[in-house]
Amino acid sequence: MCIEVIDAGALHNHYKDDFIVVTDDDGQRLSKFSTSGRFINAIYSFELGLASARFLYVALDYYANVYITDDINNQIHKFDHNLQYIISEGRTGTDKGEFYSPRGISIGRRYGQVFITEKEGGQYLWIAVDGFFVGCFPRTFTHNQPGTTVAIYLTQEAKINATVFNQMQEKVKDLLSDIKIPPGEFLFVWDGRDNANQFVPEGDYEIRVNLKGLHGHGTRIKKSIKGSVRCKVS
Numbered sequence: 002m003c004i005e006v007i008d009a010g011a012l013h014n015h016y017k018d019d020f021i022v023v024t025d026d027d028g029q030r031l032s033k034f035s036t037s038g039r040f041i042n043a044i045y046s047f048e049l050g051l052a053s054a055r056f057l058y059v060a061l062d063y064y065a066n067v068y069i070t071d072d073i074n075n076q077i078h079k080f081d082h083n084l085q086y087i088i089s090e091g092r093t094g095t096d097k098g099e100f101y102s103p104r105g106i107s108i109g110r111r112y113g114q115v116f117i118t119e120k121e122g123g124q125y126l127w128i129a130v131d132g133f134f135v136g137c138f139p140r141t142f143t144h145n146q147p148g149t150t151v152a153i154y155l156t157q158e159a160k161i162n163a164t165v166f167n168q169m170q171e172k173v174k175d176l177l178s179d180i181k182i183p184p185g186e187f188l189f190v191w192d193g194r195d196n197a198n199q200f201v202p203e204g205d206y207e208i209r210v211n212l213k214g215l216h217g218h219g220t221r222i223k224k225s226i227k228g229s230v231r232c233k234v235s
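Everything in the sequence shown is counted per our numbering, starting at 2 for the first residue and increasing by one.
Laid out in C-alpha cells, this is it:
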C-alpha cells in the first residue's frame, strides 16, 4: 500500500486541492479520501481495461493529477484530481518511452520533474503537454449540411489555438485562440465558413491545433496536431 497527500496550503498546488490517495487491494485499486478520512471515490485497474495490474507508488503534480506506477504492465497511469482516467504511458523495454518494472515515483510540483525508479535503474523525465487528434465528425460535410465537430484529446492542461487551412496552405478560418482546457477529450465546431462568413468551396481542408503547456518546464514545449475534413458540394 502507498499513500500520497496534497494539502490545500501547500506550495505549487494550482487548485488548492486537499486530499489523500491510497493504492491498496493488492495493487488493484486507487482510492481517494479527504484529509479527515472521508471516502470520496475509487477506481479499479479493470476499469482501465487491464487484464491484470499492480498499482505500486503514487505521486501528484502541480494540478494534482495522479500518477501511478504499474510494474506488471510496465506503465505509468495518469488520472486527474477527480480520479478521471487520462492516459497510460510506456511499454516493456529500456528505450525511450519504455519501462522495466517501474516502482517508485516522485514529482517536483514546481517545475514538473518526474523521477521514476525501476527494477534495475531509474529515469528522469519532464511533464509536458501532449495530445492527439481524434477526428472530425462528420469527415465530409456539404453546403446543405455544413460543419463538423472536431475532437481532440489532451494529456495535460494547456492553451490551444485552432486554425483551418485549404489545400494551398492558405488560412481559411480562425477557430480558437488561446483557449485554456483541462486534460481529456475536448470538442469544438467548425461551421464550414471562412473568416468572411462565406461557405468554403469544395475541397479538402486541414485543421491545425497548437498546444502550449501552462506550467513549469512544460511552458517551453509546444505541440501541433492536425486532422483533415472535406467539403463536398451536392
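Ideal placement from N, C-alpha and C gives every residue a C-beta, glycine not left out.
Anticipated Cβ contact below 8 Å, residue i with residue j, distance rounded
i           : j           : result
residue 210 : residue 153 : 6 Å
residue 176 : residue 150 : 12 Å between Cβ atoms; not a contact.
residue 166 : residue 207 : 5 Å
residue 1   : residue 103 : Nothing about residue 1 can be read from this structure; the chain reaches only from 2 to 235.
residue 137 : residue 59  : 37 Å between Cβ atoms; not a contact.
residue 81  : residue 87  : 6 Å
residue 40  : residue 47  : Contact flag wrong, Cβ pair sits at about 19 Å.
residue 24  : residue 73  : Not quite, the Cβ-Cβ distance comes to about 13 Å (not below 8 Å), so this is no contact.
residue 6   : residue 36  : 7 Å
residue 132 : residue 212 : 5 Å
Beta bridge counterpart(s) of residue i as assigned by DSSP
i           : result
residue 109 : 114
residue 154 : 133 and 186
residue 229 : 207
residue 5   : 22
residue 125 : 116
residue 10  : Paired residues: none, contrary to the question.
residue 194 : 200
residue 175 : 164
residue 212 : 161 and 224
residue 181 : 160
Residue i in three-state terms, based on DSSP
i           : result
residue 92  : coil
residue 82  : coil
residue 164 : strand
residue 237 : No information on residue 237 is available, as it lies outside the stretch 2 to 235 that the chain covers here.
residue 220 : helix
residue 76  : strand
residue 141 : strand
Proximity below 9 Å, CB of residue i to CB of residue j
i           : j           : result
residue 126 : residue 142 : no
residue 62  : residue 113 : yes
residue 184 : residue 156 : yes
residue 91  : residue 77  : yes
residue 179 : residue 162 : yes
residue 105 : residue 57  : yes
residue 158 : residue 214 : yes
residue 8   : residue 19  : yes
residue 193 : residue 144 : yes
residue 226 : residue 134 : yes
residue 54  : residue 85  : no
residue 108 : residue 216 : no
**3 or more residues per run - each beta strand (DSSP E) lying fully within the segment 17-71** = 20-25, 30-35, 40-45, 56-61 and 67-71
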